[in-house]
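J.:
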Amino acid sequence: MNNQLRGYASVDQNVTVNYDNSSITLSVITPEIIRVFQDHGEKGSSYAIENDKTIKTNFTVLDHGDHFELSTSALTVKIYGNEKIDVYDEKGNPLVIDYRGKRTPIDRGLDEAHAKLVAAEGHDIAGGSDKDKTYFEVIKSLAVDEQIYGLGDKTGYLNKRGYEYDNWNTDNPAPQVESFTRLYKSIPFMLGLKNGHPYGLFFDNTYRSHFDLGKENSNYYFYSAVAGNLDYYIIGGHSLKDIVTSYTYLTGRVPLPQKWVLGYQQSRWGYSVSPEKVEEITTKLRENDLPCDVIHFDIDYMDGYRVFTWNKEKFADPKEFVKKLRDQGFRVMPIIDPGVKKDKKYKIYKEGLKKGYFAKNPDGTVYVNKVWPGDSVFPDFGRQEVQQWWADNCKYLVDVGTGGIWDDMNEPASFEGDIPDDIVFSDGDRPSTHKKLHNVYGHNMAKATYEGLKKYSHKRPYVITRAAYAGTQKYSTVWTGDNQSLWPHLQMMIPQLCNLGMSGFTFAGTDIGGFGADATAEILTRWIEGALFSPLYRNHASMGTRSQEPWVFGEPTLTIYRKYLKLRYRFIPFLYDLCYCETKTGLGIMRPLVLNYDNDPETRTINDEYMVGDQLLVAPVVQEGQNTRAVYLPAGNWIDFWNGVEYAGKRSILVDAPLDKLPLFVKKDTIIPWGAEVSHISDEPDKTMTFRVYGKNGTYTHYQDNGLDFDYQDGKYNLYQINADGDNVTIKMTHNGYDKNYHKIFVELNDRKLTFVYNQKAQEYIQK
């Protein structure tokens, strides 16, 4: 191919580069973000990016004869013939370089006849593609020293180099292993470190797409899609943190949750078969002194699996029952699925059918498949009016008194074969196909659920979704789906949640103990420890598996489980502060070490440790029978949370980790808020707060609001700055907009405890 440069045209912050046979437009979004776009005829708006994110940015375009050069203060893009684009940082370090050679697929030792035979037997042949006239690919060079992260919660290890992945939301019931190329979410955003220099690439395309990250050939990685426009964003910055901040600026950040959502949550498919079963669980939680805020109701509570119904034969008065649980400190989180039962007597079906709200066959008839209710139809969530209809139906669950809504089966999953590509779904106000809308079906359902909860509850919506696309984090918490009670799944929790966090989904969790298979006492114990700082802290199991409530296993499981639930609640003020910070930076609670220390090569492939913000390092035991482990401590000095012993960093140490111990280290000169011991998070404001100083010095900013609604957006919140300089400790309110500030604040130093009392007249804290 010889597609030579033929000039460029610059309008506002868009530079269109013309070739003999094509053109590409580069748009300067910010100094750190440049969009590359080529129109392949696909209409429609982005589902990930809402509103115009362009910021007025100074840039230059120079003609160097053999190439054009677009430069901002952060990035330089060199544009050559044959649509080749190379990107460098402001110091000239290469970040994203187009590959000049040809792809060389893996030699799998198969001739054409044997390849057909293998495929006929149902085996996947990795690297295959359904190329047609709409297929395209982008190939980039890999450096010898280059790591790749992100892509959401794909299975396997933290560093995705050497693997391949598909973006096609899939409910696969088999035990998740690292060879899985796809799961429930499609988040086509990757972060890279090329020779230690960070970059990000976001491919905004909802069609089925594929990443090969050096598996086919160690000299390149490539992205391909079956259709859609070429539309991707190059992101630069000085650190991986900068990349995450810019990406979440583009696609949105997780909004501040209600504070109680950070509490422990108990779930099992089967709890809601009867009120007696639910009360058995809640009673045992309180009798065993196990803090808990949420009980989840799986599909059993519904009338024949009909969404937006309650089985009145089992639950005579759902509203009264939910209130009874609420009075005991439990909120109820009910599940809903998108599949609407085909039933002429069912209100939701009749209304949706009358208004034409369901996906259709190409001949115009309503498409039917089977899910839990049997024959089911699927809301066409791409249409705004269907989203509004769904949101209005959420009022039913709000009126019952539930704490939120858990969206499941929204890949969308179906029991009678996959939904065909040509089923008609809407892309906004125009007809489209399942082929394009599949990967954003869960996204649109979550958005509709969010809007319904916001409209009718007037609280910060608590939505959980299984399926998602880039940007869904604006509307919903996620979990990693149907894992199992297997040690490899406990091990996978850390890279999955860390990569989700770097992909914008900072509020996420796994099913603690495993959803499928039978938990053992040891794996449950190590899971509740290892997930201690997982934002979504939920034990969930499948019907038909061994029960995995901690009392089932007796002692010492029960005592250890209680210890870590109580510890979790002590850390909730700290986790809530991190949620507040995330709304400003996009940086989450759980982070891989490489996110905080990307200039340290030792951190780049650590799969069994994580950090909490910048301040804590967690090194869970994720191997059966292990009671000691090596822990890598990055630069700085670190204090053992349990015994106060101090260690110098940038080295590995060996620590004891008996069954009841989670290795946990605090960075020296850190201040951490320390919550009260409670059985659940109260709606009433705390009257006191304690801060612990690790070391002798430190500065910390603490956030406080009512933890429930949107008043904080009107300035009704407080910010406290705690400064420790040896024996000198001061507390200042740098923002005073919430009238329920703490009456007393305690500061725990190494050798004593200080008390500060609020002086209403002076509006300041004075040490007693």
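Read in full-length UniProt numbering, the sequence shown has 752 at position 752, and its numbers run on one by one without any break. Note that the Cβ used here is the ideal one computed from N, Cα and C, for glycine as well. Please read these numbers as outputs of a predicted model, since none were measured by experiment.
#1: Quick one: give me the first and last residue of the alpha helix (DSSP H) that Phe574 is part of.
#2: Would DSSP call Lys355 helix, strand or coil?
#3: Identify, in the order they occur along the chain, each residue of the same chain with its Cβ nearer than 7 Å to the Cβ of Glu416, setting aside the five sequence neighbours on each side.
#4: Where does residue 769 sit, in a helix, a strand or coil, going by DSSP?
#5: Sorted by chain position, which residues of the same chain lie with C-beta nearer than 6 Å to Gln721's C-beta, five sequence neighbours on each side aside?
#6: Rounded to whole angstroms, what's the CA-CA distance from Thr465 to His438? Just pull it up for me.
#7: State the Cα-Cα distance for the pair Tyr8 and Ser209, rounded to the nearest angstrom.
#8: On the three-state DSSP scale, how would you describe Gln38?
#9: Going by the DSSP bridge assignment, what does residue 769 pair with across the sheet?
#10: Taking the runs of the beta strand (DSSP E) that are 3 residues or longer, which of them lie wholly in the segment 480 to 556?
#11: Please state the DSSP three-state secondary structure of residue 769.
#12: CB-CB under 8 Å to Leu240, same chain, minus the five flanking residues each way: which ones, in chain order?
#13: Mind checking whether the beta-carbon of Gln258 lies closer than 7 Å to any heavy atom of the ligand MN?
#14: For Gln13, which three-state DSSP category applies?
#15: Could you tell me the distance, in whole angstroms, from the CA atom of His680 to the CA atom of Lys323?
#16: If you count every other CB in all the chains shown that lies within 10 Å of the CB of Ile295, and 16 or more means buried, which is it?
#17: Between the segment 393 to 406 and the segment 164 to 182, do at least 3 Cβ pairs fall closer than 8 Å?
#18: Under the three-state reduction of DSSP, which class applies to Ala619: helix, strand or coil?
#19: Decide if Asp380 is buried, meaning its Cβ has at least 16 other Cβ atoms within 10 Å, or exposed.
#20: Looking at C-alpha atoms only, which residue of Lys696, Trp260, Gly613 and Gln713 is the closest neighbour of Arg752?
#21: Take the Cβ of Ile55 as the centre, count every other Cβ of all protein chains shown within 10 Å, and call the residue buried at 16 or more, exposed below.
#22: By a C-beta neighbour count over all protein chains shown, 10 Å radius and 16 as the cutoff for buried, is Thr433 buried or exposed?
#23: Tell me the residue span of the beta strand (DSSP E) that contains Arg331.
#24: Applying the criterion that 16 or more other CB atoms from any shown protein chain within 10 Å of the CB defines a buried residue, is His123 buried or exposed?
#25: By Cβ distance below 6 Å, which residues in the same chain neighbour residue 769 in space, the five residues on each side in sequence not counted?
#26: Would you tell me roughly how many angstroms separate the C-alpha atoms of residue 769 and Ser22, rounded to the nearest one?
#27: Enumerated in chain order, which unbroken segments of the alpha helix (DSSP H) with a length of 4 residues or greater are wholly contained in the segment 682 to 767?
#28: Measuring CA to CA, which of Ser534, Tyr47, Leu587 and Trp638 is closest to Tyr569?
#29: First and last residue of the beta strand (DSSP E) that includes Asp640?
#30: Check whether the segment 214 to 232 touches the segment 469 to 476, counting contact only when three or more Cβ pairs, one atom from each stretch, lie closer than 8 Å.
#31: Per the DSSP calculation, Met302 is bridged to which residue(s)?
#32: Using C-beta distances below 8 Å, list every residue in its chain close to Arg6, excluding the 5 sequence neighbours before and after it, in chain order.
#33: For Lys78 and Thr155, I'd like the C-alpha separation in whole angstroms.
#34: Can you tell me whether Val757 is buried or exposed, with buried defined as 16 or more other CB within 10 angstroms of its CB?
#35: Got a sec? Which residues, its chain only, sit under 7 Å from Gly128 by beta carbon, not counting five neighbours each side?
#36: Could you have a look at Gly7 and say whether DSSP puts it in helix, strand or coil?
T.: Reading off the structure:
#1: Thr557 to Thr585
#2: Lys355: helix per DSSP, three-state reduction.
#3: Within its own chain, the residues whose Cβ lies closer than 7 Å to the Cβ of Glu416, once the five positions on either side in sequence are excluded, are Asn369 and Lys370, listed in chain order.
#4: There is simply no residue 769 to check, as the chain begins at 1 and stops at 768 in what is shown.
#5: Thr701, Lys732 and Thr734
#6: 15 Å
#7: 30 Å
#8: strand
#9: Any property of residue 769 remains undetermined from this structure, which presents the chain solely from 1 to 768.
#10: 537 to 539
#11: Past the boundaries of the shown model lies residue 769; the chain is included only from 1 to 768, so the question cannot be answered.
#12: These residues qualify, in order along the chain: Tyr149, Leu191, Leu193, Pro198, Met502, Val594, Leu595 and Asp598.
#13: The ligand MN is not part of this structure, which contains no ligands at all.
#14: In the displayed model, Gln13 falls within coil according to three-state DSSP, outside both helix and strand.
#15: 16 Å
#16: buried
#17: no
#18: coil
#19: buried
#20: Lys696
#21: Exposed, since its Cβ has fewer than 16 Cβ neighbours within 10 Å.
#22: buried
#23: Under the DSSP assignment, Arg331 falls in the beta strand (DSSP E) whose first and last residues are Arg331 to Ile336.
#24: At His123 the pLDDT is 49, less than 50, meaning the model places this residue with poor confidence; the figure from the coordinates comes in the next sentence. It counts as exposed.
#25: Residue 769 is absent from the model: the chain starts at 1 and stops at 768.
#26: Lying before the first or after the last residue shown, residue 769 is absent from the chain, which here runs from 1 to 768.
#27: Annotation note: the segment 682 to 767 contains no uninterrupted alpha helix (DSSP H) run of length 4 or greater.
#28: Ser534
#29: Taken as a continuous stretch (DSSP letters only), the beta strand (DSSP E) holding Asp640 covers Asn637 to Asp640.
#30: Judged by pairs of C-beta atoms under 8 Å, the segment 214 to 232 does not touch the segment 469 to 476, as fewer than three such pairs exist.
#31: The partner list for Met302 (beta bridge, DSSP) is empty, contrary to what the question assumes.
#32: Once the five neighbours on either side are set aside, the close Cβ partners of Arg6 are Asn18, Tyr19 and Asp20.
#33: Distance between the alpha carbons of Lys78 and Thr155: 35 Å.
#34: exposed
#35: Any reading at Gly128 must be qualified, since the residue scores a pLDDT of 48, below 50, and its modelled position is unreliable; the value itself is stated next. Excluding sequence neighbours, Gly128 sits near nothing in its chain.
#36: strand
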